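Down below is the structure, laid out as structure tokens.
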Amino acid sequence: MDEHFRQRLAHIVTQTRGDMNQRDFGEKLDVSQSTVVGWEKGSNIPTLENLAKLATLRGQLPEELLADLYGRTWASDYPLEERILMMTSKQLVDLLNLLSTQLRKMDL
Numbered sequence: 144m145d146e147h148f149r150q151r152l153a154h155i156v157t158q159t160r161g162d163m164n165q166r167d168f169g170e171k172l173d174v175s176q177s178t179v180v181g182w183e184k185g186s187n188i189p190t191l192e193n194l195a196k197l198a199t200l201r202g203q204l205p206e207e208l209l210a211d212l213y214g215r216t217w218a219s220d221y222p223l224e225e226r227i228l229m230m231t232s233k234q235l236v237d238l239l240n241l242l243s244t245q246l247r248k249m250d251l
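Per my numbering, the sequence shown starts with residue 144, numbered consecutively.
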């Protein structure tokens with residue numbers, strides 16, 4: 144992987160983790176704290192399975208996350224409603240949790 148990819152990965156992981164500590168973030172993804180540290184330093188790369196989990200946490204499809212990591216734009220060919228219909232039960236639960244958190248922050 145090139146250096147730009149590793150830098151984007153580090154930024155995306157750090158951004159997604161937010162103010163959560165690395166250990167708790169790793170637990171959300173079923174990886175160790177040292178794995179998260181490696182991603183944030185760009186010294187190791189997530190597996191495809193872990194990239195998919197990271198994408199879900201970000202509210203993205205894996206294809207969107209990969210496009211971000213490679214510095215490319217990716218426009219979904221599917222309207223939002225269709226994308227939601229294609230989600231797994233776990234992805235829907237994660238999306239609902241994310242939306243709930245965002246709505247609470249907005250004080251709605």
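Glycine is no exception: its CB is placed at the ideal position from the N, C-alpha and C atoms. Computed from a prediction, not measured in an experiment: that's the story for all the values here.
Would you kindly work out how many angstroms separate the C-alpha atoms of residue i and residue j, rounded to a whole number?
i           : j           : result
residue 215 : residue 209 : 8 angstroms
residue 243 : residue 234 : 14 angstroms
residue 155 : residue 241 : 17 angstroms
residue 226 : residue 176 : 32 angstroms
residue 162 : residue 224 : 31 angstroms
residue 158 : residue 150 : 12 angstroms
residue 249 : residue 207 : 26 angstroms
residue 185 : residue 237 : 26 angstroms
residue 245 : residue 160 : 15 angstroms
Return the first residue and the last residue of the alpha helix (DSSP H) that residue i is part of.
i           : result
residue 199 : 191-200
residue 180 : 176-184
residue 231 : Where residue 231 is concerned, there is no enclosing alpha helix (DSSP H), given that its DSSP letter is neither H nor E.
residue 258 : Because residue 258 is not part of the residues shown, which for the chain are 144 to 251, the question remains open.
residue 215 : Looking at the DSSP string, residue 215 is not in any alpha helix (DSSP H), and its letter there is neither H nor E.
residue 167 : 165-172
Excluding sequence positions up to five away, which residues of its chain have a Cβ less than 7 angstroms from the Cβ of residue i?
i           : result
residue 180 : 165
residue 174 : 193
residue 213 : 148
residue 205 : 194, 195 and 198
Using a Cβ-Cβ cutoff of less than 8 angstroms, which residues in the same chain neighbour residue i once the five nearest sequence positions on both sides are dropped?
i           : result
residue 182 : 152, 153, 156, 188 and 189
residue 211 : 151, 155, 203 and 217
Spell out a yes or no on whether the region 192-203 and the region 167-175 are touching, meaning 3 or more CB-CB pairs, one atom from each, closer than 8 angstroms. yes
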